[in-house]
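Have a look at the structure below, then the notes.
Protein chains: 2
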Amino acid sequence: MARQPELDDFRVPYFGDGKKKNKFSLDGFDPAAKPFSAGSKDADKTRLSEIGAKLDIQQERLHAQQQRRVLLVLQGMDTSGKDGTIRAVFHDVDPLGLRIVPFKAPTPVEMAHDFLWRVHSQAPAAGELTVFNRSHYEDLLVPTVLGNLDAQAFEQRCHHIRQFEALLAYSGTTIIKCMLHISKDEQRVRLQARIDDSTKHWKFDVADLDARKQWDRYQVAYGEALAATSTEYAPWYVIPANSKTHRNVMVAELLLRTFEALKLEYPPAKESLKGIKIV
Amino acid sequence: MARQPELDDFRVPYFGDGKKKNKFSLDGFDPAAKPFSAGSKDADKTRLSEIGAKLDIQQERLHAQQQRRVLLVLQGMDTSGKDGTIRAVFHDVDPLGLRIVPFKAPTPVEMAHDFLWRVHSQAPAAGELTVFNRSHYEDLLVPTVLGNLDAQAFEQRCHHIRQFEALLAYSGTTIIKCMLHISKDEQRVRLQARIDDSTKHWKFDVADLDARKQWDRYQVAYGEALAATSTEYAPWYVIPANSKTHRNVMVAELLLRTFEALKLEYPPAKESLKGIKIV
Numbered sequence: 003m004a005r006q007p008e009l010d011d012f013r014v015p016y017f018g019d020g021k022k023k024n025k026f027s028l029d030g031f032d033p034a035a036k037p038f039s040a041g042s043k044d045a046d047k048t049r050l051s052e053i054g055a056k057l058d059i060q061q062e063r064l065h066a067q068q069q070r071r072v073l074l075v076l077q078g079m080d081t082s083g084k085d086g087t088i089r090a091v092f093h094d095v096d097p098l099g100l101r102i103v104p105f106k107a108p109t110p111v112e113m114a115h116d117f118l119w120r121v122h123s124q125a126p127a128a129g130e131l132t133v134f135n136r137s138h139y140e141d142l143l144v145p146t147v148l149g150n151l152d153a154q155a156f157e158q159r160c161h162h163i164r165q166f167e168a169l170l171a172y173s174g175t176t177i178i179k180c181m182l183h184i185s186k187d188e189q190r191v192r193l194q195a196r197i198d199d200s201t202k203h204w205k206f207d208v209a210d211l212d213a214r215k216q217w218d219r220y221q222v223a224y225g226e227a228l229a230a231t232s233t234e235y236a237p238w239y240v241i242p243a244n245s246k247t248h249r250n251v252m253v254a255e256l257l258l259r260t261f262e263a264l265k266l267e268y269p270p271a272k273e274s275l276k277g278i279k280i281v
Numbered sequence: 003m004a005r006q007p008e009l010d011d012f013r014v015p016y017f018g019d020g021k022k023k024n025k026f027s028l029d030g031f032d033p034a035a036k037p038f039s040a041g042s043k044d045a046d047k048t049r050l051s052e053i054g055a056k057l058d059i060q061q062e063r064l065h066a067q068q069q070r071r072v073l074l075v076l077q078g079m080d081t082s083g084k085d086g087t088i089r090a091v092f093h094d095v096d097p098l099g100l101r102i103v104p105f106k107a108p109t110p111v112e113m114a115h116d117f118l119w120r121v122h123s124q125a126p127a128a129g130e131l132t133v134f135n136r137s138h139y140e141d142l143l144v145p146t147v148l149g150n151l152d153a154q155a156f157e158q159r160c161h162h163i164r165q166f167e168a169l170l171a172y173s174g175t176t177i178i179k180c181m182l183h184i185s186k187d188e189q190r191v192r193l194q195a196r197i198d199d200s201t202k203h204w205k206f207d208v209a210d211l212d213a214r215k216q217w218d219r220y221q222v223a224y225g226e227a228l229a230a231t232s233t234e235y236a237p238w239y240v241i242p243a244n245s246k247t248h249r250n251v252m253v254a255e256l257l258l259r260t261f262e263a264l265k266l267e268y269p270p271a272k273e274s275l276k277g278i279k280i281v
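Just so you know, the protein sequences line up as chains X and S, in that order.
For the numbering used here, add 2 to where a residue sits in the first sequence, where the first one is 1.
For the numbering used here, add 2 to where a residue sits in the second sequence, where the first one is 1.
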């Protein structure tokens, strides 16, 4: 009997493991796989809603304690489902304790600073669960594919990212990074659907087609970026994402496991409140 | 047959209406009333979920257009249900398009600026639906009750608030402000429940009891603050909030009506995308 897949099978090896340059590529992961599916779309939805209820409790404890912070980074090609993941995974989580940060093309003011400046300012505060919808990894991937970042500059940025994430992690932030992995063919179907439904045109930027032309270069750049920035304190996971319900269940499971490892409890009762009768 | 209550019956008269000082007091509103209840708690929940689905569509259009902004301000005494309202009313709204801003006691840096500085920086951007969980109104209410703001300074702050909200409104922000109105007895029950359940102690600050001792002064201050800052471009509504399900339905109805008045549509189809086949 085949071994059950484990979340760690989808974790990108930590940078520097084995003391040699990591050989890592996205080619080893099938975007159409559904290793954590509950069996059907409906079963996945049921499973997601069970996990969602547990995530809600975990997030409340995080908020109650006001100590730890949790950061989920979502990356992926256009139409890979970052928006849909956020909507589905956090449907049952209290919006009070959740902060979604979308990173768009940098503004002139942001461009006038180092590439981590705007990211740092959005890092989660004590008690917060923050989701980065795209992130500082765009500043690694896009210029690499466009040929504006040579190998040395790429290594330099990866170094800065590792050090930045280490700062967050050792200051109380639990970091988890997910790359939503779809196939080129799945992207074709999804982009076409946006074109064919004119009420979805607002989601479509013709520039997205340029990125699609560079598909293979993006896959290579992702492989290199993930390998160089997956660390024990900020690991990358590859999420097979052709199936939307599988993608949601897997991200939710991963996040729940991450929360559970923190062993969060509600703060202890306050002795000073014992026996008080409100008048 | 009695006339059906209308949302506008709960709107605080606009400042300056009738060219005389507004005579407005919270005394005219019964916190236990349920004028917009669907008949029972369960019926209210069903109704809320119908409204929630519509709010979700409205919010998506707002986001798609990237032009208008919507700001909901929530105020109320401790335990009046600001957190619970946010959780319930926005349960079906996509977290991508929603930003919740809690205002706590100001930090030293915030204190070093005028009282609207930190508020302005959190105003909704184009396409955003933002909820203020407490707001600049705390800076009017608390010092008034504590005796640190005399009548002239109170009027001055109200003037600044009206001008500030006018700036937001005439720059494309639709503002709606809700005061969650509970009775002193209802607050007693809710505070006692937090004390009796030790897992809820983290929500409890003994200082809350000081505010309760000033209940009557707060009610008067609220009345004056609402009367002086309810405007056509940023109206205040009093929400009877002893019943949680009624409170949720009423806030949701009000917000939905506000959205519908904007007549938001999805942006028009892009001619440039017509007939494109993705390869």
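All C-beta atoms, glycine included, are put in the ideal place defined by N, C-alpha and C.
Near residue i, which residues of its chain fall below 6 Å by C-beta distance, leaving aside the five closest residues on each side in sequence?
i      : result
S:R120 : E112
X:A40  : D46 and R49
S:L57  : V95 and L258
S:A90  : N250
X:F12  : Y239 and V240
X:L151 : P145
X:Q124 : V103
From the DSSP output, read off the bridge partner residues of residue i.
i      : result
X:R71  : X:T175
X:H183 : X:P242
X:P104 : X:N135
X:R5   : Beta-bridge pairing links X:R5 to no other residue.
X:Q77  : X:M181
S:R214 : Answer by DSSP bridge pairing: none, since S:R214 is not bridged.
X:T233 : X:A236
S:R13  : S:Y239
Hey, out of the options, whose CA is closest to residue i's CA?
i      : options                           : result
X:G18  : X:F261, X:E226 and X:M181         : X:E226
X:I197 : S:P126, S:P15 and S:E273          : S:E273
S:E130 : S:L256, S:H122 and S:H65          : S:H65
S:A34  : S:F156, S:Y268, S:V240 and S:Q61  : S:V240
X:D10  : X:D29, X:P37 and X:K25            : X:P37
X:Q67  : X:L257, X:G277 and X:A271         : X:A271
X:L266 : X:K43, X:Q60 and X:E157           : X:Q60
S:L169 : S:L118, S:A55, S:G99 and S:G277   : S:L118
S:D116 : S:L28, S:E262, S:D199 and S:H162  : S:H162
S:E52  : S:D32, S:I280 and S:E255          : S:E255
S:G78  : S:R5, S:D210 and S:G54            : S:D210
X:I278 : S:K279, S:A155 and S:S200         : S:S200
X:L275 : S:Q165, S:V281, S:K215 and S:V208 : S:V208
X:H122 : X:E262, X:Q165, X:L28 and X:I280  : X:Q165
Given a cut-off of 8 Å on the beta-carbon distance, is the pair residue i and residue j in contact?
i      : j      : result
S:C180 : S:V75  : yes
X:T233 : X:Y16  : yes
X:W204 : S:P269 : yes
X:A229 : X:F26  : yes
X:V14  : X:W238 : yes
S:A171 : S:D80  : no
X:G99  : X:E62  : yes
S:R159 : S:L143 : no
S:S137 : S:F92  : no
Under 7 Å Cβ to Cβ from residue i, same chain only, skipping five residues before and after it: list those, please.
i      : result
X:T87  : L76, L182, R249, N250 and V253
X:I102 : I88, V133 and N135
X:L264 : R70 and T176
X:E140 : F105
X:K202 : R196
Spatial neighbours of residue i within its chain, please: C-beta separation below 8 Å, excluding the five flanking residues on both sides.
i      : result
S:F206 : L193, R196 and I197
X:P126 : R71, V72, L73, R101, T132 and T175
X:E167 : I177, T231, T233, Y235 and A236
X:S82  : L182, H183, I184, Q189 and A243
S:K84  : L76, Q77, G78, N135, R136 and L182
X:G54  : V91, F92, H93, D94, V95 and A254
X:E157 : A230
Is it a yes or a no for the segment 215-234 of chain S touching the segment 142-156 of chain S, going by three-plus beta-carbon pairs under 8 Å?
Contact holds: three or more Cβ-Cβ distances are below 8 Å.
Inspect the CB distances between the segment 184-204 of chain S and the segment 237-249 of chain S and report whether three or more fall short of 8 Å.
Touching, yes.
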